[in-house]
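Asks: Line by line, the protein sequences are chains A and B. So the first sequence is numbered by this note's numbering: it starts at 37 and just counts up by one. So the second sequence is numbered by this note's numbering: it starts at 37 and just counts up by one. Even glycine gets a Cβ: it sits at the ideal position worked out from N, Cα and C.
2 protein chains.
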Amino acid sequence: MKLYDCSTAPSPRRVRIFAAEKGLELDLVQVDLANGEQYGEHFRVINPDCVVPVLELDDGTRISEVLAICYYLDEIKPEPSLFGTTPLERAETLMWNAKVEQQGLMSMMDAFRNVAKGLKGHALPGPDEFEQIPALAERGRRRVEIFFRRLDDRLSTTDFIAGGRYSIADISGLVLIDFAKWVKIPIPNDAGNLQRWYKAITARPSAKA
Amino acid sequence: MKLYDCSTAPSPRRVRIFAAEKGLELDLVQVDLANGEQYGEHFRVINPDCVVPVLELDDGTRISEVLAICYYLDEIKPEPSLFGTTPLERAETLMWNAKVEQQGLMSMMDAFRNVAKGLKGHALPGPDEFEQIPALAERGRRRVEIFFRRLDDRLSTTDFIAGGRYSIADISGLVLIDFAKWVKIPIPNDAGNLQRWYKAITARPSAKA
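Here you go:
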């Protein structure tokens with residue numbers, strides 16, 4: 037299987053970490069996002085939404101969207117499951133992953149894309165041009181800070197974001213925090229539960245993927 | 037099972053339609069969003085994110101987030117599956133549902149919440165106050181229009197959004213279109229595939245849920 041990837045982007049990193057945890061090897065194909073390769077005719081055929089990651093199966097079938105790719109990988113190699121092994125565990129995992137995506141990663145994207153100098157006219161990923169909205173960048177930073185407090189609360193009662201086991205929600209959380217760190221939104225010093233969790237997650241070999 | 041619901045809101049409608057398609061009866065508990073019941077102490081215990089829907093199981097366990105709730109319902113009553121019956125079908129369904137959520141429903145939320153008079157200071161769902169950003173409302177409208185074109189293209193080759201079978205992605209699409217219609221973003225007259233699909237989906241009894 038081939039993964040259209042970009043080594044510096046947060047979304048494909050989620051899939052790389054997921055594959056590393058599963059012990060799955062993917063052939064990584066770098067897409068040069070910084071130079072606009074995703075908007076070129078060649079990549080538009082691979083994904084008309086002009087974003088990575090995209091998983092390409094050996095028969096040529098392509099799957100985009102991080103959650104869909106990860107769920108597929110979990111199904112073809114069920115052990116260890118990163119979505120949970122019972123209906124309730126899967127519900128909790130999907131629930132927490134959705135919260136990290138919507139409240140965390142989307143906010144982070146708003147915070148970054150609406151001020152980055154290289155993204156003028158590309159405030160959103162995808163083929164259509166959208167001007168940056170500075171107020172949205174500010175709102176994004178505030179939302180990330182609020183969400184860090186929520187995660188800290190959550191992790192006061194559980195070892196991992198979705199409960200007692202490592203899951204895709206932890207991968208989404210790790211990528212969120214590393215992205216936030218890069219734009220100088222650190223984990224607050226007094227968020228001890230989140231600090232403890234981050235240390236444990238980054239100690240796993242998959243965090244280097 | 038109990039569903040904390042609001043009969044006029046788009047997100048819980050997705051779960052109501054899903055349950056209707058599965059033939060599952062849920063005890064609906066109305067939460068008065070218009071009068072701020074979701075911010076009250078009582079509901080904050082049910083969901084600290086202050087949003088509906090929330091599914092409450094008979095043992096008191098609560099699940100929030102539409103995707104998590106629907107996946108859970110699909111697992112406890114697998115026939116007919118609204119996520120697909122093979123790993124590839126499930127991947128395609130999750131992929132298309134994510135596109136409808138991110139490109140369609142999120143845009144629609146931006147378009148509505150950033151101008152609605154009753155939502156000043158509540159431009160985002162949840163307990164934290166955020167001022168409206170008028171430019172974000174405009175961007176949201178434009179994104180919905182663009183996404184309608186994408187859906188029309190997609191439906192030129194398939195009967196349903198995720199492929200050859202009705203799925204949660206169609207439910208998400210239906211709720212998007214009805215919400216957009218309400219704020220006067222109609223399906224374009226020349227989007228014949230989307231019109232055909234919408235007619236078929238609204239003819240199903242579940243569309244009244």
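Is residue 97 of chain B close to chain A, meaning its C-beta is less than 9 Å from at least one C-beta of that chain?
Replies: Taking the second sequence and counting its residues from 1, the one referred to as residue 97 of chain B is at position 61. Interface residue, yes.
Asks: Consider the C-beta atom of residue 239 of chain A and the heavy atoms of the ligand ZN; say whether any pair is separated by less than 8 Å.
Replies: The ligand ZN is not part of the structure shown, which contains no ligands of any sort.
Asks: Compare the C-beta of residue 192 of chain A against all C-beta atoms of chain B and say whether one is closer than 9 Å.
Replies: If you number the first sequence from 1, residue 192 of chain A lands on position 156. Closer than 9 Å: no.
Asks: Looking at the strands, I want to know which residues DSSP matches up with residue 38 of chain A.
Replies: In the first sequence, the residue the question calls residue 38 of chain A occupies position 2. In the DSSP output, where bridge partners are listed per residue, residue 38 of chain A has A:63, A:92.
Asks: Can you tell which of B:169, B:86, B:151 has its C-alpha closest to the C-alpha of residue 162 of chain B?
Replies: What you label residue 162 of chain B is simply residue 126 of the second sequence in a count that begins at 1. Residue 162 of chain B has its Cα closest to that of B:86, out of B:169, B:86, B:151.
Asks: Quick test of your reading: residue 53 of chain A and residue 242 of chain A, contact by CB under 8 Å. State the CB separation rounded to the nearest angstrom.
Replies: Taking the first residue of the first sequence as 1, we reach residue 53 of chain A at position 17. Taking the first residue of the first sequence as 1, we reach residue 242 of chain A at position 206. Confirmed, Cβ separation roughly 5 Å.
Asks: Taking residue 177 of chain A as the reference, which of A:72, A:50, A:218 has the closest Cα?
Replies: Within the first sequence, numbered from 1, the residue matching residue 177 of chain A stands at position 141. If we check each option's Cα against that of residue 177 of chain A, A:218 comes out closest.
Asks: Below 9 Å between beta carbons: does that hold for residue 56 of chain A and residue 235 of chain A?
Replies: The sequence position of residue 56 of chain A within the first sequence is 20, counting from 1. The sequence position of residue 235 of chain A within the first sequence is 199, counting from 1. No, the pair does not count as a contact, with Cβ atoms beyond the cut-off.
Asks: Please state whether the Cβ-Cβ distance between residue 81 of chain B and residue 47 of chain B is less than 9 Å.
Replies: For the purposes of this step, residue 81 of chain B is identified with residue 45 of the second sequence, where counting begins at 1. For the purposes of this step, residue 47 of chain B is identified with residue 11 of the second sequence, where counting begins at 1. No, Cβ-Cβ distance for residue 81 of chain B and residue 47 of chain B is not below 9 Å.
Asks: When the Cα of residue 173 of chain A is compared with those of A:92, A:208, A:109, A:153, which residue comes out closest?
Replies: Translated into the one-based positions of the first sequence, residue 173 of chain A becomes position 137. That would be A:153, whose Cα lies nearest to the Cα of residue 173 of chain A.
Asks: In the structure shown, what three-state DSSP assignment does residue 215 of chain B receive?
Replies: Position 179 of the second sequence holds residue 215 of chain B. It is helical.
Asks: Could you tell me how far apart the beta carbons of residue 207 of chain B and residue 50 of chain B are, in whole angstroms, since I believe they sit closer than 8 Å?
Replies: In the second sequence, residue 207 of chain B corresponds to position 171, counting from 1. In the second sequence, residue 50 of chain B corresponds to position 14, counting from 1. That belief holds up - the Cβ atoms of residue 207 of chain B and residue 50 of chain B are roughly 5 Å apart, short of 8 Å.
Asks: Under the assumption that residue 210 of chain A contacts residue 169 of chain A (Cβ atoms under 8 Å), give the Cβ distance between them as a whole number of angstroms.
Replies: As a working mapping, residue 210 of chain A is identified with position 174 in the first sequence. As a working mapping, residue 169 of chain A is identified with position 133 in the first sequence. That pair is no contact at about 28 Å.
Asks: Residues of chain A with a CB under 9 Å from the CB of residue 100 of chain B: which are they?
Replies: Looking up residue 100 of chain B in the second sequence gives position 64. Those within 9 Å of residue 100 of chain B in chain A are 131, 134, 135.
Asks: Skipping 5 residues on each side, what residues in its chain have a beta carbon closer than 7 Å to that of residue 221 of chain A?
Replies: Sequence index remark: in the first sequence, residue 221 of chain A carries index 185 (1-based). Result list for residue 221 of chain A: 177, 180, 181, in chain order.
Asks: How about residue 39 of chain A and residue 90 of chain A: do their beta carbons lie closer than 9 Å?
Replies: Within the first sequence, residue 39 of chain A is the residue found at index 3, counting from 1. Within the first sequence, residue 90 of chain A is the residue found at index 54, counting from 1. Yes; because the gap between Cβ atoms is below 9 Å, this pair is in contact.
Asks: Which one of A:37, A:41, A:79 has the shortest CA to CA distance from residue 60 of chain A?
Replies: As a working mapping, residue 60 of chain A is identified with position 24 in the first sequence. When each option's Cα is compared against that of residue 60 of chain A, the closest is A:37.
Asks: Can you tell me whether residue 158 of chain B is buried or exposed, with buried defined as 16 or more other CB within 10 angstroms of its CB?
Replies: The residue labelled residue 158 of chain B in the question sits at position 122 within the second sequence. Looking at its Cβ environment, which holds 16 or more other Cβ atoms inside 10 Å, residue 158 of chain B is buried.
Asks: Have a look at residue 109 of chain B and residue 101 of chain B and give me their C-alpha separation to the nearest angstrom.
Replies: Reading the second sequence from its first residue, position 73 is the one you call residue 109 of chain B. Reading the second sequence from its first residue, position 65 is the one you call residue 101 of chain B. Distance between the alpha carbons of residue 109 of chain B and residue 101 of chain B: 13 Å.
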